[in-house]
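K.L.:
Sending over a structure as structure tokens; questions will come in a sec.
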Amino acid sequence: MKKLLVIGLSLGMLLAATLAQAGESQGEKLVRDLWALFAAKDLAKVEAMTSPAFQSVRSIGACDKAQQMKLTAGLDLGPYTLSDFKVTEQGPVIVATYTVSVAETINGQRLDKKPAPRMSIFIKTEQGWKWLAHANLKPVK
Numbered sequence: 011m012k013k014l015l016v017i018g019l020s021l022g023m024l025l026a027a028t029l030a031q032a033g034e035s036q037g038e039k040l041v042r043d044l045w046a047l048f049a050a051k052d053l054a055k056v057e058a059m060t061s062p063a064f065q066s067v068r069s070i071g072a073c074d075k076a077q078q079m080k081l082t083a084g085l086d087l088g089p090y091t092l093s094d095f096k097v098t099e100q101g102p103v104i105v106a107t108y109t110v111s112v113a114e115t116i117n118g119q120r121l122d123k124k125p126a127p128r129m130s131i132f133i134k135t136e137q138g139w140k141w142l143a144h145a146n147l148k149p150v151k
């Protein structure tokens, strides 16, 4: 009986760990997919992936979906590296924090490639995962 209990608990913990990793994998995949769309300048897919309730914040202020799409249209990315992922998932929400190293132009200003933290939040809808919120902590001078 004890062996069955130990086996059952072990399988339960293994399943829980697998599900947690699956959530992390999904969050990292969503972020990587989003950045690939930015790099490809695929604005139609970025817009389709973005929730109508989207908001973002950066050192120059906050913006809604329309403002973000305008900013994304003018985004010019060099080669980039995404790292240091931390992903949590609760119900239909994924929160992903990560570090980005990229030379980018935002609002006509070229920023250095120094790594900076970001946070992206996604929500699962009937249409699939949507980008709900974003924080860019890279200072714009």
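Under this note's numbering, think of the first position of the sequence shown as 11, with each following residue one higher. Here a beta-carbon is modelled for each residue, glycine too, at the ideal position from N, C-alpha and C. From a predicted model like this one, the values you see are computed outputs, not experimental measurements.
1) Of all the options Phe64, Ala58, Lys55, which has the alpha carbon lying nearest to the alpha carbon of Ser130?
2) I'd like to know if the region 133-147 and the region 102-112 are in contact, where contact means that at least 3 CB-CB pairs between them fall below 8 Å.
3) May I have the straight-line CA-CA distance separating Lys55 from Ser111, to the nearest angstrom?
4) Quick check: what's the CA-CA separation for Ile133 versus Leu53?
5) With a CB to CB cut of under 6 Å and the five nearest residues on each side skipped, what residues in its chain are close to Ala113?
6) Suppose contacts are defined by Cβ-Cβ distances below 9 Å. Is Ala126 in contact with Lys148 by that definition?
7) Along the chain, where does the alpha helix (DSSP H) containing Leu81 start, and where does it finish?
8) Verify the CB distance criterion: does Gln78 have a CB-CB separation below 9 Å to chain D?
9) Please report how far the alpha carbon of Gly101 lies from the alpha carbon of Gly138, in whole angstroms.
10) Could you tell me the distance, in whole angstroms, from the CA atom of Lys51 to the CA atom of Thr98?
11) Taking 9 Å as the threshold (C-beta atoms), are Ala72 and Ser66 in contact?
P.N.:
The short version:
1) Ranking Phe64, Ala58, Lys55 by Cα distance to Ser130 puts Phe64 first.
2) Yes, the region 133-147 is in contact with the region 102-112.
3) 23 Å
4) Answer to the nearest angstrom: the Cα atoms are 19 Å apart.
5) Gly88, Lys123
6) yes
7) 75-83
8) Among the protein chains of the structure shown there is no chain D, as only one such chain exists.
9) 14 Å
10) 28 Å
11) yes
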